[in-house]
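Position 72 of the sequence shown, counted from 1, bears residue number 72 in the UniProt record's numbering, the numbering being contiguous throughout.
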Amino acid sequence: MSKASDTQLDFWGHLDILRSCLIRIIAAASVCAIVAFFFKDVLFSVVLAPKDSGFVSYKLFDILGAPVEEFNVELINTGLSRQFVLHMKIAFYAGLMAASPYALYVLFGFVSPALYPNEKKYARQAVVGGYAMFVVGLLVGYFLVFPLTFRFLSTYQVSSEIANLISIDSYLDSLILLCLAMGVFFELPILCVLLSKTGIITAKMMRDKRRYAIVIILTAAAFITPTSDVFTLMIVALPVYLLYEVSILLISKRP
Numbered sequence: 001m002s003k004a005s006d007t008q009l010d011f012w013g014h015l016d017i018l019r020s021c022l023i024r025i026i027a028a029a030s031v032c033a034i035v036a037f038f039f040k041d042v043l044f045s046v047v048l049a050p051k052d053s054g055f056v057s058y059k060l061f062d063i064l065g066a067p068v069e070e071f072n073v074e075l076i077n078t079g080l081s082r083q084f085v086l087h088m089k090i091a092f093y094a095g096l097m098a099a100s101p102y103a104l105y106v107l108f109g110f111v112s113p114a115l116y117p118n119e120k121k122y123a124r125q126a127v128v129g130g131y132a133m134f135v136v137g138l139l140v141g142y143f144l145v146f147p148l149t150f151r152f153l154s155t156y157q158v159s160s161e162i163a164n165l166i167s168i169d170s171y172l173d174s175l176i177l178l179c180l181a182m183g184v185f186f187e188l189p190i191l192c193v194l195l196s197k198t199g200i201i202t203a204k205m206m207r208d209k210r211r212y213a214i215v216i217i218l219t220a221a222a223f224i225t226p227t228s229d230v231f232t233l234m235i236v237a238l239p240v241y242l243l244y245e246v247s248i249l250l251i252s253k254r255p
């Protein structure tokens with residue numbers, strides 16, 4: 001067999017292994033989504049918790065001396081089949097999240113044989129660190145960014161004659177968007193550290209370009225926020241800017 005045939009066989013062999021990995025990931029995510037679907041009460045008790053003043057974040061504000069007035073926003077459904085569709089949608093996202101550690105493990109197992117030992121070490125640290133930061137970003141979005149945003153916007157009125165009717169679609173779309181956005185934004189320190197290892201950026205460069213970074217952060221925050229108000233913009237942009245400063249510190253301490 002010629003060398004070209006060997007190369008072609010190797011390519012199709014790797015493609016077959018990748019297909020097997022993807023099938024395992026899809027199967028794991030599907031099983032997790034099905035399990036989540038049957039735990040509807042638990043699933044939606046978590047999803048809907050930030051809409052009431054008894055949410056843990058609001059209680060924490062009370063302890064810190066910044067009490068939140070009691071409120072309870074009633075959500076409405078505007079479509080005959082929407083509640084069932086939303087049930088499947090949230091179960092799907094929950095399944096993806098639950099299966100994500102296994103998915104990363106399988107994909108890393110596929111890629112790692114092609115890496116040198118030192119590359120494998122850095123890749124493992126980047127994957128674990130990146131996943132951990134993504135989860136932290138999701139939690140910040142769920143416990144801080146979304147509750148403050150929802151509480152402010154859902155109770156805001158330009159006139160007492162205008163009642164707020166918040167649809168379940170609007171609530172869930174805002175929750176998912178803000179949490180995912182914060183998860184992605186929290187990858188900033190990992191990305192900066194990786195770029196610094198390749199010499200693309202330095203701590204001095206990031207300090208010098210701080211003003212431009214602030215403009216980019218505000219623009220990105222304005223793009224992903226579901227509303228155009230300044231309050232939501234700052235709630236999203238401030239943690240990202242703090243991550244930018246943390247990235248500078250991490251790069252400065254890197255040997």
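From the three backbone atoms N, C-alpha and C, an ideal C-beta is built for every residue, glycine too.
Alpha-carbon to alpha-carbon, residue j and residue i
i	j	result
S252	R207	11 angstroms
M133	V240	12 angstroms
H14	F108	14 angstroms
F110	A27	17 angstroms
Y102	I23	12 angstroms
I217	P189	14 angstroms
F38	F44	11 angstroms
M97	A29	8 angstroms
P117	L178	38 angstroms
T7	I25	Note that T7 scores a pLDDT of 43, beneath 50, so its modelled location is shaky; the value from the coordinates is reported in the next line. Each residue's alpha carbon lies about 27 angstroms from the other.
E245	L18	38 angstroms
P67	L144	15 angstroms
E161	V56	31 angstroms
A36	L104	20 angstroms
K209	G129	25 angstroms
Y58	L64	10 angstroms
V230	D16	50 angstroms
V158	S112	57 angstroms
I248	N164	43 angstroms
Y212	Y131	27 angstroms
V42	D62	26 angstroms
L60	I214	29 angstroms
A49	E119	43 angstroms
Residue from the options whose Cα sits closest to the Cα of residue i
i	options	result
V127	A114, V140, R151, S100	S100
L172	V85, M234, T155	V85
S20	K209, V106, I200, G130	V106
V47	F71, H87, L104	H87
I166	S154, V68, A114, S81	S154
Y156	V42, S247, G129, E69	E69
L243	V230, V184, K204, M205	V184
S53	V73, L64, V42, G65	V73
A237	G137, Q83, I248	G137
Beta-carbon proximity check, residue i vs residue j, cutoff 8 angstroms
i	j	result
K40	L75	no
R151	F71	yes
A221	L233	yes
T149	I224	no
F146	S170	no
I168	N77	yes
Neighbourhood of residue i by C-beta, 8 angstroms cutoff - its chain only, sequence neighbours within 5 removed
i	result
V140	M182, F186, P239
T202	S196, I251
T198	none
M205	none
Residues of its chain near residue i, where Cβ-Cβ distance is below 6 angstroms and the 5 sequence neighbours each way are ignored
i	result
V193	L250
A33	A91, F92, G95
Y142	C179
Q83	N77
Sequence-distant residues of the same chain with beta carbon closer than 7 angstroms to residue i, five excluded per side
i	result
K121	none
L115	A123
G79	none
Beta bridge counterpart(s) of residue i as assigned by DSSP
i	result
S167	I76
D52	N72
CB contact check: residue i to chain D, cutoff 8 angstroms
i	result
F38	Of the protein chains in this structure there is only one, and it is not chain D.
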